[in-house]
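Position in the sequence shown (from 1) plus 269 gives the number in the working numbering.
Just so you know, even glycine gets a beta-carbon here, dropped at the ideal spot from N, CA and C.
From a predicted model like this one, the values you see are computed outputs, not experimental measurements.
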Amino acid sequence: MDARFTAFLDRAESVLARLEPLLPAQRPNIDWGHTLAARWQRDGRSGYLMPLEVSLDIRLSDLIGVDQQRDQLGRNTHQFISGMPANHALLWGSRGTGKSSLVRALLAEHAGQGLRLIEIERDHLADLPRVVEQLQKLEQRFILFCDDLSFEAGEGDYRVLKSVLDGSLEQAPDNVLLYATSNRRHLVPEKQSDNENWKMVDGELHPNEAVEDKIALSDRFGLWLSFYPFSQEHFLNVVEHWIGQLARPAGLRWQRNEELDILAVRWATGRGNRNGRCAYQFARYWVGLQLLEQK
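This is the structure:
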């Protein structure tokens, strides 16, 4: 009897082990007093907020050469956390120029004042009403952050986002704001055929309305901030800043000179990018190399 019972328990344990991955993930309870950021996680037809461990090591002072964008978004965020009217913001432009870093730096700046960050993927925008519903009665102020927001022709999720931004179904809570980044200003691509003398194209009886619908999503953002490619001088200034930031805690003595500038420019040319991300990567390479040679 004992042997049969033991065999039964072994089989039951084997079955449970195979079923466990199919069960819904345990949804954590978030203490927003200590949790600074979360990500909306899709789970079947629903979803939940998964807390994130975030690093607050990037500061607004680390963002070189984007003073106007930094100040504008900073003022908008300060209005928001102070309970004043503020706008949803679209940060668009060249890749690697500091759009996402600016949003995360604002979290580091204002986390002590109750600011929190919720990351949501572009493919999960249809869940925005569910996310907002979970946040509207909380005392903290939440920025919903969608990185690299854009849509392909024929996708309809952007209409859900338009409804949420406009509050067409219900008044949006005043403790939720949307910041999005994109590499292009108009989030839904336009075709050349859209503008061919407003002719009927592909059976479209009112092509002007189709074009207006495509560009209307960008209009839902009250604040547009543009980020442009770096000039060579701008790029080298960012390189100098990051080398200083990385060299200081390592005790590395260094000095900017023509040779260093040439190496940095060659690094950027080899990657076809002259932006903040490339500058940071070069700084890590160069500082690491200097420390290695000192051993």
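{"query": "What's the call for HIS510, buried or exposed, on a 16-neighbour Cβ count within 10 Å?", "result": "buried"}
{"query": "Short check: CB of LEU446 to CB of PHE349, under 8 angstroms?", "result": "yes"}
{"query": "Just verifying my parser: in three-state terms, what is the DSSP assignment at TRP467?", "result": "The predicted position of TRP467 is uncertain, since its pLDDT is 47 and thus under 50; a value taken from the coordinates is nonetheless stated next. In this structure, TRP467 counts as coil in the three-state DSSP scheme."}
{"query": "Would you tell me roughly how many angstroms separate the C-alpha atoms of VAL323 and ALA307, rounded to the nearest one?", "result": "9 angstroms"}
{"query": "Hey, would you say ALA374 sits closer than 8 angstroms to LEU329, going by beta carbons?", "result": "yes"}
{"query": "What residue from ARG522, ALA552, VAL508, GLY557 has the CA that sits closest to GLY334's CA?", "result": "VAL508"}
{"query": "Short of 6 angstroms in beta carbon distance, which residues of its chain neighbour TRP493, apart from the five on each side in sequence? Order them along the chain.", "result": "LEU359"}
{"query": "With DSSP as the reference, identify every bridge partner of ASP312, one or two as the case may be.", "result": "SER315"}
{"query": "Could you tell me whether any Cβ in chain C is nearer than 8 angstroms to the Cβ of HIS510?", "result": "This model lacks chain C altogether; it includes just one protein chain."}
{"query": "Within 10 Å of its beta-carbon, does VAL401 have 16 or more other beta-carbons around it, so buried, or fewer, so exposed?", "result": "buried"}
{"query": "Would you kindly report the start and end of the unbroken beta strand (DSSP E) that includes PHE349?", "result": "Here PHE349 belongs to no beta strand (DSSP E); instead the alpha helix (DSSP H) covers 336-350."}
{"query": "Find out if the Cβ-Cβ distance for the pair ILE327, ALA395 is shorter than 8 angstroms.", "result": "no"}
{"query": "Please classify TRP361: does DSSP put it in a helix, a strand, or coil?", "result": "strand"}
{"query": "Leaving out five residues on either side along the sequence, give the residues of the same chain with a beta carbon under 6 angstroms from the beta carbon of LYS460.", "result": "Note on LYS460: pLDDT 49, under 50, position unreliable in the model; no value is reported."}
{"query": "Between SER451 and ASP417, which are expected to be in contact by the criterion C-beta below 8 angstroms, what is the C-beta distance as a whole number of angstroms?", "result": "7 angstroms"}
{"query": "Determine the burial state of ARG385: buried for a count of at least 16 other Cβ atoms within 10 Å of its Cβ, exposed for fewer.", "result": "buried"}
{"query": "Buried or exposed: where does ARG296 fall if 16 or more other Cβ atoms within 10 Å of its Cβ makes it buried?", "result": "exposed"}
{"query": "With H, G and I counted as helix, E and B as strand and the rest as coil, what does DSSP make of ILE327?", "result": "coil"}
{"query": "Whose C-beta lies closer than 8 angstroms to the C-beta of ILE389 among residues of the same chain, with five residues either side of it excluded?", "result": "ARG308, TRP309, ASP396, LEU397, VAL400, LEU413, PHE414, CYS415"}
{"query": "For the beta strand (DSSP E) that TRP493 lies in, which residues bound it at each end?", "result": "492-496"}
{"query": "Between the Cα of LEU305 and the Cα atoms of GLY381, GLY352, ALA552, which residue gives the shortest distance?", "result": "GLY381"}
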